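First to last, the protein sequences are chains A, B, C and D. By my numbering, the letter at position 75 of the first sequence is numbered 75, and the numbering carries on one by one without gaps. Numbers in my numbering are just positions in the second sequence, counted from 1, shifted up by 377. Numbers in my numbering are just positions in the third sequence, counted from 1, shifted up by 754. Numbers in my numbering are just positions in the fourth sequence, counted from 1, shifted up by 1131. Structure first, commentary second.
4 protein chains.
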Amino acid sequence: MSESLQLGLIGAGYMGRAHAIAMHSVAATFGERYAVTCAALADLDAEAAARAAGTLGFARSCDWHDLLQDDSIDVIDICAPNYLHREMALAALAAGKHVYCEKPLATDAVGAAEVARAALSSDRICATGFNYICNPLLQLLQEMVNAGELGTIFSVQGRYLEDYLSDSRVPFSWRCERALAGAGALADLGSHLINLGHFLLGPIARLSGTVHTVHSRRLVPGSCESRAVENEDVAHALVEFANGVRGTMDVSRVASGFKCGLAICVQGTRGSAHFDQERMNELRIYKCDDPAGRRGFRTILAGPEHADYAAFCPAPGHGLGINDLKVIEVRNFLRAIHGGRPVSADFSEGLRVQQVMEAIELSHRERCWIEVEYSRA
Amino acid sequence: MSESLQLGLIGAGYMGRAHAIAMHSVAATFGERYAVTCAALADLDAEAAARAAGTLGFARSCDWHDLLQDDSIDVIDICAPNYLHREMALAALAAGKHVYCEKPLATDAVGAAEVARAALSSDRICATGFNYICNPLLQLLQEMVNAGELGTIFSVQGRYLEDYLSDSRVPFSWRCERALAGAGALADLGSHLINLGHFLLGPIARLSGTVHTVHSRRLVPGSCESRAVENEDVAHALVEFANGVRGTMDVSRVASGFKCGLAICVQGTRGSAHFDQERMNELRIYKCDDPAGRRGFRTILAGPEHADYAAFCPAPGHGLGINDLKVIEVRNFLRAIHGGRPVSADFSEGLRVQQVMEAIELSHRERCWIEVEYSRA
Amino acid sequence: MSESLQLGLIGAGYMGRAHAIAMHSVAATFGERYAVTCAALADLDAEAAARAAGTLGFARSCDWHDLLQDDSIDVIDICAPNYLHREMALAALAAGKHVYCEKPLATDAVGAAEVARAALSSDRICATGFNYICNPLLQLLQEMVNAGELGTIFSVQGRYLEDYLSDSRVPFSWRCERALAGAGALADLGSHLINLGHFLLGPIARLSGTVHTVHSRRLVPGSCESRAVENEDVAHALVEFANGVRGTMDVSRVASGFKCGLAICVQGTRGSAHFDQERMNELRIYKCDDPAGRRGFRTILAGPEHADYAAFCPAPGHGLGINDLKVIEVRNFLRAIHGGRPVSADFSEGLRVQQVMEAIELSHRERCWIEVEYSRA
Amino acid sequence: MSESLQLGLIGAGYMGRAHAIAMHSVAATFGERYAVTCAALADLDAEAAARAAGTLGFARSCDWHDLLQDDSIDVIDICAPNYLHREMALAALAAGKHVYCEKPLATDAVGAAEVARAALSSDRICATGFNYICNPLLQLLQEMVNAGELGTIFSVQGRYLEDYLSDSRVPFSWRCERALAGAGALADLGSHLINLGHFLLGPIARLSGTVHTVHSRRLVPGSCESRAVENEDVAHALVEFANGVRGTMDVSRVASGFKCGLAICVQGTRGSAHFDQERMNELRIYKCDDPAGRRGFRTILAGPEHADYAAFCPAPGHGLGINDLKVIEVRNFLRAIHGGRPVSADFSEGLRVQQVMEAIELSHRERCWIEVEYSRA
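So this is what it looks like as structure tokens:
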């Protein structure tokens, strides 16, 4: 491609690194038209940006405000701390950039709505960083659901369980602080589960939810004081989708033993399917039409006959990894910029997810069912 | 044993046969003190009773009312259709018999309360037929929970999914009729899940639930008319136990691919556990105290070091079956008659389960959380 | 049934108990024509026999020689120690009884051939106790193989791994002594694997094998002396079946973590299948004819559409246990006596299994391939 | 890093692309000291090289002979067709380059020995492309074996099953031709299994093997003629390692349903372990020292506490993919060039693997055990 897109990335931490690796791999994986030039790296910590620029393959480092002034930059990629997402995304859109923003768009739905509105009034491409739905097998499942291969879906069980805060001795961090993180397990994990539900089944219409904090205080690092945790460790919800599907959702950041337990099971009139991110290269499906005495859940291993897999490996069952999902997500974003299919999760979806999360918290307080009010961003 | 208990069994169908096999096996399995004499078999259909008596090893057949008059009969075992349980159990207790009654005690909580009250005012041993909790591995899990091996439990996900009515062409039957069956999936399946929750975690205190019927009409057998299904195919609930544990429950009789999907996952401050009846000889546990880098869910195979297994097989991992659980249940009942430990599920538990089921239906109608009112039977 | 068969059982230990339970259950499970009267129980230890007769539901106890004199006895069931099988089976046949003998027929192939010859020259029904092949799912697999559902089978991997002697501190027992046990892991476990191979694929024609003893000495119980173990802990073999199928077999009684690891995987030109006794209610099959992108190993749960399952339970996936396999085995034996299909493992098969075991030991000594010589018993 | 290594890559096909992606990712993943400049891309097809250079991020394309003349090139990476590996590796070493060569080193052991000897007489770093052993969980298993965590290992079962040629209609290709491919399933798959065995247990000392071709002829593409397949579809072997471990190996390229079935199970005196590449983020271990009644195979999910995982993802259980293994392999090679630890599979190991493969073929012809003669390369 003669003119590759010029990327300005904000955030030299882990997520910035993951994005950088994906940006370097995407053209070799999906073809030259997705070439990206890693032009400049910014970080709140200027020295960190300078140090990382070389390793991460960026031509230079700079202040993030400078990226917006630079007309040669086409795309702003936001991997900064969550509480800055809103401000940066608004500024990038105001500067006429395409914007790729890690979830969440903001720490609350009001902020997210502001960002989503700005995206809608611009002609720029905007993507929220929901990586799991890029899995070839979840694309397959979406395709099967849409094509009616499992009949009409009527029930769903979703959960996203991890255990990174299950030990009560893990100290207080920004994740436990409302102003910096917004919600707790719902923001970190539940957001992905809600997005996956939307991806497969469309919007959630109403719900009854409950949240609670298992470890209510945690030690302040480098101190012998403890501090109250300000958001939830666990959430449970009954959900009803606009299309009538009903089910349950369980979300936890304190579920011992679960490391990436994003799992979903859907049941339809002609079959069922089950996916678990901990076995991300497997999709289990059951078809009622299989012959009697030969029916059973079938474990499909991801392979080149499924969307996007072949770009990584010509042989089935060899296994994609979490970082490969990010490469697909980046390709989707770049493809949209080049005039192709829309991104899989735009800013409106980022907002909808935030609205469902807040509806769960509201339902908890009100002890009743809540209709999810999707403000038209 | 010089004086074996004299049994009168009502019901020559499948469940009666399962009970008969268990009665014949229990002494050889657990020892001579559990010897039972299969004295008489009754059935609404006298010919069926007569035919089955020989095969099932009963000395004679008779009308069920005659069983109650017969002073030589010690125990009445009720495997008749559900809508008759209440009447038969009350009559058996009035006649001074020990009573072993398949679940449900009645088709509604009012009837169940009547039966449970009668049991409490008598000195007879009464047991409700909840077989799954007799599994050596669920006994192990209960022991681990009670001993705090997993720390304090705070979350639970339970489900009981089957698919015996998932095909819309399965005709209307008594299971779809409120007067004969009571509730639908909740009665058949949910009752076991609720009982399992109680067994592990104590009583459910409050809940928010929803029920729906996927196939709202079914063909009347031998006719081209269809008839409205009168109870639910699916139920979902948020539950909160009296001890503070919170979680979700999913119940379905139309979940394609699930054949006996009674599964429960509990999370505690020091570990987690997972059980699925479809792999009834496996319990998966996770211990936070395992060394770093070596932690993981561990699959324990049932073996002679677990309660009651050794009576069936001296070697671990060889596999018990569903009928073996019934033998354990029968032994528990007989042991209580002989003055040993209480039965695992008495009539009060049968009533509590019914009350939780009705609370789910009430919550569905009221669209709000319901406090479960356990009428002291 | 007016004339039920009269059974004399030899052996009041675990295996005798397992047989007794099966004999009591078989008619209730499979129908009145399989009724058996438990007439007399014998044991080398007359007091043990007397004590057990009541519990195990036998009318009386006696010396085993008396059973043979008793004309009212139709069937002799041999659950005595292995080294006595040959003598007892020969005597029972000489007395004109039908004989049901636990494996092995003898502690070596010469002895087994003697027994098998006696069976062939009599008109009595003789069955060797190979229970695993009675599993409805292995019957299904055999049916699929025979019908060509997986195409032409060409490869097989079989293993039977357990760990009952994996701890070097387990003391010396009769199992370690050539004169009492014959071979070691091959006799206990390998015999079942070979029988399963024969059941699915026909006779093994040639092999290259190796055996070794991991713990070469064990403590004599109640002593501080150790004694040399006289047979193998582990065996490995390359096998070639008469039909051209080639593969490997692994057998071990010291394989830590394996409790009943009898597993077999077959590959054919149109599909593959995998079975593991530790998940005895599951058969995994792969069909090449499934549509592209939807192929995968399918887990079939045992259910009433598979042979013999419905007799135990009308609902699929509820789970049979190891003892239920014995009930099927007993039914097969009784059915043959009543003039129905042949038993699944007759004495000739018992002999063939022994001959394969000895060929493995011979191959180990000779360090070359061995043609299995099936002496026509 | 001021002086990054200059890479010349031969091969613009799939494997070249996989290497290119890994080369671009390695510094961002493992740190700046592993920076590589993708200087030039060669291919037998000059146009293909020219086309791919841009996408794969190479500065230029050229003829492979030119790479050797170019003094600025430090490293030659050989991803050309197998039959050229020997010639290219020898030339690259003669030109004083470090050499990274995809397996196999040559199409027979004589050729591989030539290459391995050249490597030993040079001071250059040489690595053979065995990627699977780079898995953090296989590194963990090696560490556990070496540290005796499973006691003394005595048994092993290894298999590598795939099905890319299981359909008899797949046409004849270079893989079926002895001169181009060398062996068949043994070369493609068996080589990895042998390497994994060596990695965990040291060299194989002797073996008894058998090979066969299931589909003996295949259609020549674009023709209606068929051609004889010149190498094996399936291999089975009994193996004995120099350290006394004994076991079996199964290799197949026609095993329907298996997509990347590289699996190994080892048993030791204090535990067992099991790994399967199709679930490459899981290692199952059993520890005899776990408390009674709580023992079972434990599924460890790869995480940052295991070697090299953290470089890809800070959170456990999120999943690495096959391409990530290549990044680790590249890092190992570069680390050795920079004076760090030796590569995990040098050319001598490449030779040893070839020698074991040939011993299996020899054993098949001779029908006896073969001592593996490791020619000191």
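Idealized CB from N, CA, C, for every residue including glycine. What you are looking at is a predicted structure, and each value in this text was computed from that prediction instead of being measured.
Judged by pairs of C-beta atoms under 8 Å, the segment 1454 to 1471 of chain D touches the segment 315 to 328 of chain A, as three or more such pairs exist.
One alpha carbon belongs to A/S4, the other to A/N332, and they sit about 16 Å apart. Here D/G1392 is buried. Its C-beta has 16 or more other C-beta atoms within 10 Å. Using a 10 angstroms sphere on the CB of D/E1363, the tally of other CB atoms reaches 16 or more, which defines it as buried. Listed along chain C, the residues sitting closer than 9 Å to B/C637 by beta-carbon distance are L1055, A1069, P1070, G1071, H1072 and G1073.
For the segment 482 to 548 of chain B, the continuous beta strand (DSSP E) assignments of 3+ residues that do not extend past its boundaries occur at 503 to 505 and 530 to 538, in sequence order. In the displayed model, C/E1120 falls within a helix according to three-state DSSP. In the three-state reduction of the DSSP assignment, C/A834 falls in the coil class. Considering only beta carbons, the part of the segment 983 to 1004 of chain C lying closer than 7 Å to chain D consists of V988, H990, L992, R1000, G1001, T1002 and D1004, in chain order. The count of Cβ pairs closer than 8 Å, one atom from the segment 741 to 750 of chain B and one from the segment 428 to 447 of chain B, stays below three, leaving the stretches out of contact. Identification of chain D residues near C/A1009 by a Cβ-Cβ cut-off of 9 Å yields S1286, C1396, Q1398 and S1403, ordered along the chain.
Per DSSP, D/T1430 is one residue of the beta strand (DSSP E) stretching across F1428 to L1432. Leaving aside the five residues that flank A/V26 on each side, the residues in its chain whose CB is nearer than 6 Å to its CB run, in chain order, Y34, V327, V330 and R331. A straight-line Cα-Cα distance of about 15 Å links A/A112 and A/R178. Among the CB atoms of chain C, none fall inside 7 Å of the CB of A/G350.
Of all residues in the segment 22 to 50 of chain A, only H24, S25, A27, A28, T29, G31, E32 and A35 come within less than 8 Å of chain D when Cβ atoms are compared, listed by chain position.
With its beta carbon at least 7 Å from every one in chain D, C/F1029 lies outside the interface. Here C/E979 is exposed: its Cβ has fewer than 16 other Cβ atoms, across all protein chains shown, within 10 Å. Against chain D, the CB of C/R1121 has a partner CB under 7 Å away; the residue lies at that interface.
Put simply, of A/A311, A/I194, A/A228 and A/S272 the residue whose alpha carbon is nearest the alpha carbon of B/K636 is A/S272.
Between B/V628 and B/G567, the gap from beta carbon to beta carbon is short of 7 Å.
Around the beta carbon of A/P136, 16 or more other beta carbons lie within 10 angstroms, which makes this residue buried. By a beta-carbon distance limit of 8 Å, A/A185 contacts A/V234. Their separation comes to about 6 Å. For the options D/C1169, D/G1448 and D/Q1137, the alpha carbon positioned closest to that of D/A1143 is the one of D/C1169. Counting the other CB atoms within 10 Å of its CB gives A/T55 a total of 16 or more, which places it among the buried residues. Nearest Cα to B/R742 within the set B/A713, B/F724, B/A679 and B/S585: B/S585. Ranked by Cα distance from D/A1211, the first of D/Y1231, D/R1300 and D/S1354 is D/Y1231. Using a C-beta cut-off of 8 Å, the segment 1039 to 1058 of chain C makes contact with the segment 291 to 304 of chain A, since at least three inter-stretch Cβ pairs fall below that distance. Secondary structure at A/I264: strand, using DSSP grouped into helix, strand and coil. Under the three-state reduction of DSSP output, B/G393 falls in the helix class. The beta-carbon of D/L1324 is placed no less than 7 Å from the nearest beta-carbon of chain A.
Taking C-beta atoms under 8 Å as the contact rule, D/K1228 and D/I1207 qualify, at a distance of about 4 Å.
Here B/L615 carries a strand assignment [DSSP, helix/strand/coil].
Less than 7 Å separates the beta-carbon of C/V968 from that of C/V1008. Take A/L320, set aside five residues on each side of it, and the residues of its chain with a beta-carbon closer than 8 Å to its own are N135, P136, M280, N281, A302, Y309, F312 and C313, in chain order. Among the residues of the segment 280 to 312 of chain A, those with a Cβ less than 9 Å away from any Cβ of chain C are E282, L283, R284, I285, Y286, K287, D290, A292, G293, R294, R295, G296, F297, R298, T299, I300, L301, G303, E305 and H306, in the order of the chain.
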